[in-house]
Amino acid sequence: MRDSVGYSEETERARIDRVPLSHLSIEVGHFYMNEIANDMDQVVREFRRIVPLVEAFIASARVQFGPRARVSTCYLIDDYFQPDTDPREILGKLLTAADETGLRIDYLARESGCWEADPFVDGVPLDEPIRLAEMVAARIVAEPEISSSTGRRPPTAESGWLCNGRRSSLDEPAQAMRVQPYRPPEEFGRREHSIFLDVQLWSKRPEVVNGRNEIHTKWSCAFLASVWHLLRLGMLRYDGAAVVLPQPWRAGDGWPGRWREIPAVVQLNPDATPFAAYKALSMLPKRYLAIEHSVRLILDHIDLDGDVVDQIIRCGVYDEVPVTVSRKVTERLSHLLLDGS
0 MRDSVGYSEE TERARIDRVP LSHLSIEVGH FYMNEIANDM DQVVREFRRI
50 VPLVEAFIAS ARVQFGPRAR VSTCYLIDDY FQPDTDPREI LGKLLTAADE
100 TGLRIDYLAR ESGCWEADPF VDGVPLDEPI RLAEMVAARI VAEPEISSST
150 GRRPPTAESG WLCNGRRSSL DEPAQAMRVQ PYRPPEEFGR REHSIFLDVQ
200 LWSKRPEVVN GRNEIHTKWS CAFLASVWHL LRLGMLRYDG AAVVLPQPWR
250 AGDGWPGRWR EIPAVVQLNP DATPFAAYKA LSMLPKRYLA IEHSVRLILD
300 HIDLDGDVVD QIIRCGVYDE VPVTVSRKVT ERLSHLLLDG S
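Residues in the sequence shown are numbered from 0 upward in steps of one, following numbering that gives the first Met the number 0.
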């Protein structure tokens, strides 16, 4: 069976929901919340600059996938780190700037939705909130040390740190009565020289909740961005079910006064092609280079559900315009880094 959003075989395991796919998902810029609140001139300038770039990539997709190429656009709002802001004010300004500049935003997503999805708000057929960040973190497979561990630094699952190689000898305890020569960090799989990266995925801190002392996990921007890209690429399921179902929003609908009352992904354009896509492109300011470098490291260390990977590869093969889908998720992700406006 062929259709405009993909393919499903009768022999496919029924427990894996098929997520509709566009050919390309374009992330159209990103701003800090305070920039939207206090510097709309900058937002308007950036959107004006992005509009012709979006048009160029849509034209390129039509060359690659044919005139009926499916391309959707999206914007991620960083409510996770600034939850006390008023969504009515922030979204009013952001979407007004998009309208004034002619920038099409098909889908609006919340960064907190990359941490936890609410079935009631997000419309997914599950009985309890889905802790997406924890779900993805459980699939991280850190690379083993070249030499035996000294035990001084705990593993990624305990420390919240992930690296692409062997850390320096400063992370190891010195032996008694012996001066240990310094050993620099070393990238696994390096060529001539190393580019060593050590990324913090989360931090933990004590908090008092309802009179009880609890340990709260604060997820890093890099880790939540990794979850965001996995959602855009259609890679996440919970017991086989889709974890995000974009909820429709019509012009004139009012926004709630709290971010958590807004679905994780809102469909602004009723005519938009699917939110998730075979390939994803993010147009971001250069200041996010370190974040996106970290994202690629994280994604390369996630053991994705093989059934989901196989399903999307099959969807690409039997699509109206066949698409070759790489098993390596970072090969489906691209970036355009923008200098200052």
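Every residue gets a Cβ at the ideal spot worked out from N, C-alpha and C, and that includes glycine. Because the structure is a prediction, the values reported are computed rather than measured.
Kindly list the residues whose CB is nearer than 7 Å to the CB of Ile272, restricted to its own chain and excluding five residues on each side of it in sequence; keep chain order.
One detail in the question is off: residue 272 reads as Thr in this sequence, not Ile. Around Thr272: Ser21, Arg69, Val70 and Ser71.
Residues of its chain near Phe64, where Cβ-Cβ distance is below 6 Å and the 5 sequence neighbours each way are ignored
His22 and Val320
Spatial neighbours of Arg349 within its chain, please: CB distance less than 7 Å, with the 5 preceding and 5 following residues excluded, ordered by chain position.
Since the first residue of the chain shown is 0 and the last is 340, residue 349 is not available in this structure.
With DSSP as the reference, label Met234 as helix, strand or coil.
coil
Compare the C-alpha of Asp77 against each of Ser24, Val140 and Ile89 and name the closest.
Ile89
Buried or exposed: which applies to Asn212, given that a residue is buried once 16 or more other Cβ atoms fall within 10 Å of its Cβ?
exposed
Cutting at 7 Å between CB atoms, please list the residues of its own chain near Ala60, excluding the five before and the five after it.
His22, Leu23, Ala68 and Val70
Out of Tyr74, Phe222 and Gly305, state which residue places its alpha-carbon closest to the alpha-carbon of Leu296.
Phe222
Would you kindly work out how many angstroms separate the C-alpha atoms of Trp248 and Gln266, rounded to a whole number?
6 Å
Can you tell which of Cys113, Ala36, Glu133 and Thr100 has its C-alpha closest to the C-alpha of Pro86?
Ala36
Need the endpoints of the alpha helix (DSSP H) that Ser59 sits in, please.
Met39 to Phe64
Who does Thr95 pair with in a DSSP beta bridge?
Its beta-bridge partners do not exist; DSSP assigns none.
Backbone secondary structure at Gly210 - three-state DSSP:
coil
Secondary structure of Asp16, DSSP reduced to three states
coil
What are the start and end residues of the alpha helix (DSSP H) that includes His334?
Counting along the chain, His334 falls outside any alpha helix (DSSP H), though it belongs to the beta strand (DSSP E) covering Leu332 to Leu337.
Leu125, DSSP secondary structure in three states:
coil
Would you call the segment 111-127 and the segment 91-101 touching, i.e. three or more CB-CB distances under 8 Å?
no
Taking the Cβ atom as the reference point for each residue, do Glu291 and His334 lie within a distance shorter than 7 Å?
yes
By Cβ distance below 6 Å, which residues in the same chain neighbour Leu230 in space, the five residues on each side in sequence not counted?
Val243
Own chain, CB closer than 8 Å to Val50, minus 5 neighbours either side, in chain order
Thr100, Gly101 and Leu102
What residue range does the beta strand (DSSP E) around Cys314 cover?
Run containing Cys314: none in the beta strand (DSSP E); it sits in the alpha helix (DSSP H), Gly305 to Val316.
Out of Glu133, Gly164 and Ala116, point me to the one whose CA is closest to Glu157's CA.
Glu133
Glu260, DSSP secondary structure in three states
helix
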